[in-house]
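See structure below.
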Amino acid sequence: MSHNRYINITQEATGTPYRAGNQITILQNGDEIFPAMLAAIRGAETQIEFLTYVFWRSRIASEVEQALCERARAGIKVRLLLDAIGAATMDTRSLWRLERAGVQVAWFRPVRWPHLHKFNNRTHRKILLVDGAVGFTGGVGIADEWTGSAQDRHHWRETHCRIEGPACLDLYAGFAENWREATRQRLPELPTPLDRGSVAVHTTISSTRSRPTQIEKLLDVVFAAAEHRLWITSAYFIPSPKIVEALAAAARRGVDVRVLTNGPFTDYKITLFAARATYQPLLDSGVKIYEYQHTMHHSKIITADSMWATLGSTNLDNRSLVLNDELNISVTDPGTITTLDLQFLEDLKKSHYIRSSVWPQRNWIARLPEIGSSLFWRQL
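Position one of the sequence shown corresponds to residue 0 (numbering that gives the first Met the number 0), numbered consecutively onward.
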């Protein structure tokens, strides 16, 4: 399948066009991600929009706070949107300092009576936009677990990206949608940023307002269209029966389907057990499954046929695909895809390959927590 074919099917499925003229930089782990984000914040000249799920008490959170406060005191318009559940443990003193400096802070769906019916639906998007022209998205949270270079179990493996160009308008739209709900403020339109490169970017802004969600539509057509290769990295891999069948069908038709997810260092053991409950039908169909052994792997990436790739905040679980607001960017740029594929192969070297011949031989003690966890897959 050609690059253009992937462009056509994903545009048709989601109703969203690709925007040409962008420059994309893949950032791996905190040592690359945070310096780039902080440099962009410190260089802001007009405005900053920042949306995150995690903003935990930490050294890096203090650095980000200080950078945002400095820009706000300099007269820059700074908007910070936090998920009320994901960022619930944020330092209250940090919040006070941000607001005192002039940062406009808003909370997405706080636990209050008007929002109780949406309590289970969070915004999991990660968006930083500076001056409407430089953006960041991917999987990173603002906490020390994301710092460093994934060198040990206390420093997580992550992938994020920096975007310059017209695609920043779509990051702004993803931010503005959540901001409007949280504050009832409609943000002004931005001028289209100048072209900065040659990469066409497709942005999937997925929310719970409709089913199937936009990200479901995107993945449905990609999984069905793949001809040679589907390489998937998902921090939380708890596929629905529909996705299990889609991946199994791809493997049966000869596609090299590989799934990389977490092993012993996942931050929620229930997700590991629920994931393992789905392995058998995948293994039986020829899907190759790997569990990362070095630390927590928090990236969310899919590449198809070395022709198309998506990365962002979306895991292959029901929470991302159905319950939460998410945002992914997709590209057909060969350089970007090659970078992601090479990183995937490097990650496999630190992973345990689940052998289809051995997996059925596990005893009932190993299987029992998988059976129990699988009952809750719709909430995971």
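For each residue, glycine too, the CB sits at the ideal point set by N, CA and C.
Per DSSP, the unbroken beta strand (DSSP E) holding Lys-76 starts and ends at 76 to 82. Residue nearest to Ile-288 within the set Ala-303, Val-321, Ala-247 is Ala-247 (criterion: CA-CA distance).
Secondary structure in the stretch 41 to 127: the beta strand (DSSP E) runs of 3 residues or longer, each lying completely within the stretch, are 46 to 51, 76 to 82, 103 to 107 in chain order. The C-beta separation of Leu-217 from Thr-45 comes to about 32 Å, leaving the pair out of contact by the 8 Å criterion. For Ala-12, the three-state secondary structure derived from DSSP is helix. Separation of Ala-60 and Arg-361 (C-alpha to C-alpha, rounded to the nearest whole angstrom) is 42 Å.
In chain order, Asp-90 place their CB closer than 6 Å to the CB of Arg-56, counting only its own chain and leaving out the 5 sequence neighbours on each side.
Counting only runs of 3+ residues, the beta strand (DSSP E) found wholly inside the stretch 265 to 349 occupies 287 to 291, 299 to 303, 307 to 311, 325 to 330, in chain order.
A Cβ-Cβ separation of about 7 Å places Ile-353 in contact with Leu-282 under the 8 Å criterion. Minimum Cα-Cα distance from Pro-16 among the listed residues Ser-356, Ser-209, Ile-23, Asn-7 corresponds to Asn-7. Per DSSP, Ala-234 is not a residue of any beta strand (DSSP E), being assigned neither H nor E. Beyond the five residues adjoining it in sequence on each side, Ile-301 comes within less than 6 Å, by CB distance, of Ile-231, Thr-309 in the same chain, given in chain order.
Here Glu-62 has Phe-33, Leu-37 as same chain residues with Cβ atoms under 8 Å from its own Cβ, once five neighbours each way along the sequence are excluded.
The C-beta of Val-330 has 16 or more other C-beta atoms within 10 Å across all chains shown, which makes the residue buried.
Put simply, the backbone Cα of Ile-40 is about 47 Å away from that of Ser-284. Fewer than three beta-carbon pairs drawn from the stretch 251 to 261 and the stretch 194 to 204 are found closer than 8 Å, and the two stretches are therefore not classed as touching. By the Cβ rule, the stretch 63 to 71 counts as touching the stretch 92 to 109, because three or more pairs are nearer than 8 Å.
Under the three-state reduction of DSSP, Asn-362 is assigned to coil, being neither helix nor strand. For Thr-203, the closest C-alpha among the options Asn-28, Phe-236, Asn-327, Val-104 is that of Asn-327. Here Tyr-171 has Leu-128, Leu-189 as same chain residues with Cβ atoms under 6 Å from its own Cβ, once five neighbours each way along the sequence are excluded. CA-CA distance, Ser-205 to Arg-124, rounds to 9 Å. Pairing Arg-275 with Glu-369, the inter-Cα distance amounts to about 6 Å.
Counting the other CB atoms within 10 Å of its CB gives Val-104 a total of 16 or more, which places it among the buried residues. Within the same chain, and ignoring the five residues on either side of Val-254 in sequence, the residues whose Cβ sits closer than 7 Å to its Cβ are Ala-225, Glu-226, His-227, Arg-228, Leu-229. In this structure, Gly-138 places its C-beta atom within 7 Å of the C-beta atom of His-297. Judged by DSSP in its simplified three-state form, Thr-182 adopts helix. Contact between Asn-21 and Pro-165 holds, with the beta-carbon distance rounding to 6 Å and staying under 8 Å. In this model, Glu-31 and Val-321 are separated by some 31 Å (Cα to Cα). Under the three-state reduction of DSSP, Val-357 is assigned to coil, being neither helix nor strand. Distances from the alpha-carbon of Ile-126 to those of Asp-340, Gln-65, Arg-78 put Arg-78 closest. Going by DSSP, Leu-218 is part of the alpha helix (DSSP H) stretching over 213 to 224.
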